[in-house]
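First residue of the sequence shown? That's 19 in the numbering used here, and the numbers climb one at a time after it.
Even for Gly, the Cβ is constructed at its ideal location relative to N, Cα and C.
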Amino acid sequence: MDKAICQHALDRVMLYLQSYGLEPTPSVCRRALALIDDCLAEAGVADMDACDTGLLPGGVLAMVFDRLPQVFDLSEPDLPIQRPPILRGSIGYGPPV
């Protein structure tokens with residue numbers, strides 16, 4: 019049996035939040051469910067066929083992820099610089115100075 023868009027969205031949101039380090043507490047789950055419910059209501063999803071089309075870009079799932087930073091405090095991860103700084107230099111095309 020295929021998952022409904024609300025179940026699919028909740029799975030994706032909870033996985034996304036866990037990757038940010040948020041624990042899947044009941045409070046976090048309720049906030050995620052409220053967000054998904056708001057997006058479903060705004061999209062006017064009433065039947066299962068409409069739910070399936072919500073997986074398309076611009077659908078319910080996209081709405082949920084667009085609004086996720088408004089509901090949860092998702093700070094950018096502090097990652098070290100992955101390359102040395104870019105400095106202007108010569109690559110040897112001109113005469114030596």
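Alpha carbon of residue i to alpha carbon of residue j, nearest angstrom
i: Arg118; j: Asp20; result: As displayed, the chain neither begins before 19 nor continues past 115, which places residue 118 out of reach and without an answer.
i: Gly77; j: Gly39; result: 26 Å
i: Ala27; j: Tyr111; result: 55 Å
i: Pro44; j: Ile109; result: 58 Å
i: Glu41; j: Gln88; result: 18 Å
i: Leu33; j: Arg101; result: 29 Å
i: Leu35; j: Asp56; result: 18 Å
Own chain, CB closer than 6 Å to residue i, minus 5 neighbours either side, in chain order
i: Val31; result: Ala50
i: Leu92; result: Tyr38
Span of the alpha helix (DSSP H), counted from its first residue to its last, around residue i
i: Asp96; result: Per DSSP, Asp96 belongs to no alpha helix (DSSP H) and is neither H nor E.
Cutoff 7 Å; reference residue i; Cβ partners in own chain excluding five residues on either side
i: Cys24; result: Ile54, Leu58
| Segment contact flag, the segment 42 to 62 with the segment 102 to 109, C-beta cutoff 8 Å, min 3 pairs | no
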